[in-house]
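The structure appears below as structure tokens.
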Amino acid sequence: MTFHRETARFTLVGISCLALAAAAAGCVGSSDGASDTGGAGGSGAGTGGASSVSSGAGNPSSGSTSSGNPGSTTTTGSVDPSSTTSTATGTPGTTSTTASTGAGTPTGACPPSATFCSDFEGTGLPEGATYRPSYQAADASKNMEIDASTFHSGSSSLHVKPGVSGYDWRMLSVPAPGPKFWVRLHVRSSVDIGQSDHNAYFQAMTGDGDPNAGDNVEVAEQYCQIVLNLHDDVVLPEGGDFRCGSGGANLPKDQWHCMEAYFDGTQGDVQVYANGTKIIDKTGWKKLDFKTFSFGYLGFHGPARSMWYDDVAVAPERIGCAP
Numbered sequence: 005m006t007f008h009r010e011t012a013r014f015t016l017v018g019i020s021c022l023a024l025a026a027a028a029a030g031c032v033g034s035s036d037g038a039s040d041t042g043g044a045g046g047s048g049a050g051t052g053g054a055s056s057v058s059s060g061a062g063n064p065s066s067g068s069t070s071s072g073n074p075g076s077t078t079t080t081g082s083v084d085p086s087s088t089t090s091t092a093t094g095t096p097g098t099t100s101t102t103a104s105t106g107a108g109t110p111t112g113a114c115p116p117s118a119t120f121c122s123d124f125e126g127t128g129l130p131e132g133a134t135y136r137p138s139y140q141a142a143d144a145s146k147n148m149e150i151d152a153s154t155f156h157s158g159s160s161s162l163h164v165k166p167g168v169s170g171y172d173w174r175m176l177s178v179p180a181p182g183p184k185f186w187v188r189l190h191v192r193s194s195v196d197i198g199q200s201d202h203n204a205y206f207q208a209m210t211g212d213g214d215p216n217a218g219d220n221v222e223v224a225e226q227y228c229q230i231v232l233n234l235h236d237d238v239v240l241p242e243g244g245d246f247r248c249g250s251g252g253a254n255l256p257k258d259q260w261h262c263m264e265a266y267f268d269g270t271q272g273d274v275q276v277y278a279n280g281t282k283i284i285d286k287t288g289w290k291k292l293d294f295k296t297f298s299f300g301y302l303g304f305h306g307p308a309r310s311m312w313y314d315d316v317a318v319a320p321e322r323i324g325c326a327p
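282 is the number that our numbering gives to position 278 of the sequence shown; each next residue is one higher, with no gaps.
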């Protein structure tokens with residue numbers, strides 16, 4: 005698929021958005037700020053059309069072709085971003101050297117094959133991203149905003165505003181390259197990522213991104229750690245147990261973290277990385293034909309929180325965290 009930079013047009017189901025100024029920088033960088041504002045919550049299922057394919061701003065870059073099986077590096081406890089990702093001072097970090105399935109050398113830049121890539125440098129939601137649930141599209145600007153006070157790179161990020169403490173679905177859906185793909189997201193939360201109850205941050209989906217539209221493999225939290233969840237079938241991180249305090253990986257609040265995930269629906273394999281370290285490696289799980297990738301916040305039990313996303317990329321090969 006040919007990579008295109010993000011244009012100045014924004015689409016959103018049911019509402020009009022302001023134009024986006026074309027971003028001059030790539031997908032990653034380093035800067036920091038803080039913000040936390042409230043917003044309306046909502047719940048329920050709905051239906052909607054599939055979003056259009058789009059790529060965000062960035063400097064396309066692809067490495068030499070390589071292949072291999074995913075490695076097995078693991079971690080327990082809190083994952084410190086200071087040694088693995090860029091910081092607010094601009095110090096470059098390192099990424100995992102573990103081999104991965106998928107062509108190309110991870111560079112951190114948006115590859116030409118990306119089906120979505122955005123650094124949220126503008127005043128509206130990016131082209132190719134559809135707000136879900138679709139029946140709440142008219143409230144999208146109440147539930148999400150482009151935030152110029154908090155960012156990982158550039159001058160803004162996507163802020164998912166806090167809603168209710170119970171069920172609360174507010175996500176953006178973008179096309180998946182196929183049943184096998186990689187994602188990279190820089191994530192920040194106003195509470196620790198790894199609460200005791202079930203909530204989710206991003207997911208690979210067989211449907212169009214609306215609730216109850218298929219099977220969803222969630223990168224979620226439960227038992228005070230980061231987990232996978234598919235219809236309440238929970239996969240724990242390395243070192244975790246079905247109880248809080250067992251040592252499974254979690255991420256501290258009010259810091260930027262680079263999260264990566266590899267979804268292989270053809271084999272039922274899922275890998276999750278936090279700040280360059282593999283924390284979950286599940287093989288031979290349910291085989292699924294993924295169509296959509298969604299990110300934002302899916303609350304089942306809360307607590308309510310602010311979430312920020314920056315430099316989000318979806319591609320057939322690993323993108324990496326480094327600038």
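We put the CB at the ideal spot given by N, CA and C, even for glycine.
If you compare alpha carbons, which of the options is closest to residue i?
i           : options            : result
residue 313 : 272, 180, 188, 116 : 188
residue 251 : 290, 229, 258, 179 : 229
residue 280 : 269, 225, 260      : 260
residue 201 : 169, 181, 319      : 169
residue 231 : 218, 249, 253, 215 : 253
residue 144 : 130, 295, 217      : 130
residue 162 : 121, 142, 179      : 121
residue 263 : 140, 195, 317, 158 : 317
residue 217 : 156, 320, 132, 138 : 138
residue 181 : 296, 276, 306      : 296
residue 270 : 158, 290, 237, 258 : 290
residue 179 : 141, 157, 132      : 132
residue 195 : 249, 238, 258, 275 : 258
residue 140 : 157, 215, 158      : 215
residue 158 : 142, 134, 123      : 123
residue 256 : 301, 155, 278, 265 : 278
residue 319 : 276, 300, 265, 306 : 265
Is the Cβ-Cβ distance between residue i and residue j less than 7 Å?
i           : j           : result
residue 125 : residue 177 : no
residue 304 : residue 185 : no
residue 273 : residue 183 : no
residue 167 : residue 308 : yes
Excluding the five sequence neighbours on either side, which residues of its own chain have a C-beta within less than 6 Å of the C-beta of residue i, listed in chain order?
i           : result
residue 3   : Any answer about residue 3 is impossible in this case: the structure gives the chain only from 5 up to 327.
residue 198 : 225, 228, 229, 230, 254
residue 219 : 210, 292
residue 48  : Since pLDDT at residue 48 reaches only 35, below the 50 mark, its modelled position is unreliable, and the value read off the structure follows with that caveat. Excluding residues within five positions, none has a Cβ falling inside 6 Å.
residue 301 : 164, 174, 311
residue 28  : Any reading at residue 28 must be qualified, since the residue scores a pLDDT of 33, below 50, and its modelled position is unreliable; the value itself is stated next. Cβ neighbours of residue 28 beyond the five flanking positions: none.
residue 235 : none
For residue i, I'd like the list of residues in its chain whose CB is within less than 7 Å of its CB, leaving aside the five on either flank, ordered along the chain.
i           : result
residue 247 : 227
residue 298 : 136, 175, 176, 177, 206, 207, 209, 213
residue 110 : 99, 322, 323, 324
residue 249 : 228
residue 275 : 74, 265, 266, 282, 284, 285
residue 68  : Any reading at residue 68 must be qualified, since the residue scores a pLDDT of 35, below 50, and its modelled position is unreliable; no value is offered.
Any beta carbon from chain D within less than 7 Å of residue i's own beta carbon?
i           : result
residue 257 : Here there is only one protein chain, and chain D is not present.
Okay, do the region 185 to 202 and the region 313 to 323 touch, 3+ Cβ pairs below 8 Å being the bar?
yes
Take every Cβ of the region 112 to 119, pair it with every Cβ of the region 138 to 154, and state whether three or more of those distances are shorter than 8 Å.
no
Say whether the region 239 to 246 touches the region 271 to 290, bearing in mind that this needs 3 or more beta-carbon pairs closer than 8 Å, one atom from each stretch.
yes
What beta strand (DSSP E) runs, 3 residues minimum, are completely inside the region 257 to 293?
261 to 268, 273 to 278, 281 to 286
Would you list, in sequence order, the uninterrupted beta strand (DSSP E) runs of no fewer than 3 residues that lie entirely inside the region 142 to 221?
148 to 151, 161 to 164, 172 to 179, 184 to 193, 203 to 209
Could you tell me which uninterrupted beta strand (DSSP E) segments, each at least 3 residues in length, are contained entirely in the region 296 to 320, listed from first to last along the chain?
296 to 303, 311 to 319
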